[in-house]
Amino acid sequence: MREFKRTDRVGDQLQKELAVLIQREIKDPRLGMVTVSGVTVSRDLGYADVYVTLLGEETPAHVQENLQVLRRASGFLRSQIARRIKLRHVPELRFHFDESVVRGQRLSSLIDEAVESDRARHEGDEDGNGGGERG
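Here you go:
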């Protein structure tokens, strides 16, 4: 059970360090506003799946371009992490677009639309019925 706690701690630390490094150290103009939403580290600490979200434009082409920039910078990021975190072996970084945030926003807007539609329908019923009792 202890190794899971270690991977969680390493993942949390990697998330914090990567958030700062990506924002401050990667100077590629194609890279948008990237947020590191989570890091999952393998049990053997061999690799880390880094989940990112983008602020603003999230077209598939833009997402792929940003992931490509991050993948190219992964060696640099690993070397910087090695200086900041005391690990025998810094995990290989694998970048993924975190769709859960986008999916959550989509679901939230669908819920808002449904609530608004329901409200409009009820207001329409009351107006058409003259406020009397329903049959």
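The sequence shown begins at 936 in this note's numbering and counts up by one. Quick reminder that beta carbons are idealized off the backbone N, C-alpha and C, glycines included. Since the structure is predicted, the reported quantities are computational estimates derived from the model, not experimental observations.
Beta-carbon proximity check, R1006 vs F1030, cutoff 9 Å:
yes
Can you look up G991 in the DSSP assignment and give me helix, strand or coil?
Three-state result, G991: coil.
V1004 vs D963 beta-carbon contact at 9 Å:
yes
Which whole-angstrom value describes the C-beta separation of M891 and G946, a residue pair presumed to lie in contact below a C-beta threshold of 8 Å?
This structure gives no information on residue 891, because the portion of the chain shown stretches from 936 to 1070.
Starting from R1018, trace the alpha helix (DSSP H) in both directions and tell me its first and last residue.
S1009 to R1019
Label L953 either buried or exposed according to how many other C-beta atoms from any shown protein chain fall within 10 Å of its C-beta, with 16 as the threshold for buried.
buried
Can at least three beta-carbon pairs, one atom from the region 981-995 and one from the region 1022-1029, be found at a separation below 8 Å?
yes
Runs of alpha helix (DSSP H) lying entirely within the region 951-1008, each at least 4 residues, in chain order
995-1007
DSSP on R1029, reduced to helix/strand/coil?
Strand, per DSSP.
State the DSSP-derived secondary structure class of L1022, mapped to helix, strand or coil.
coil
What do you reckon, are the CB atoms on N1001 and L966 nearer than 9 Å?
yes
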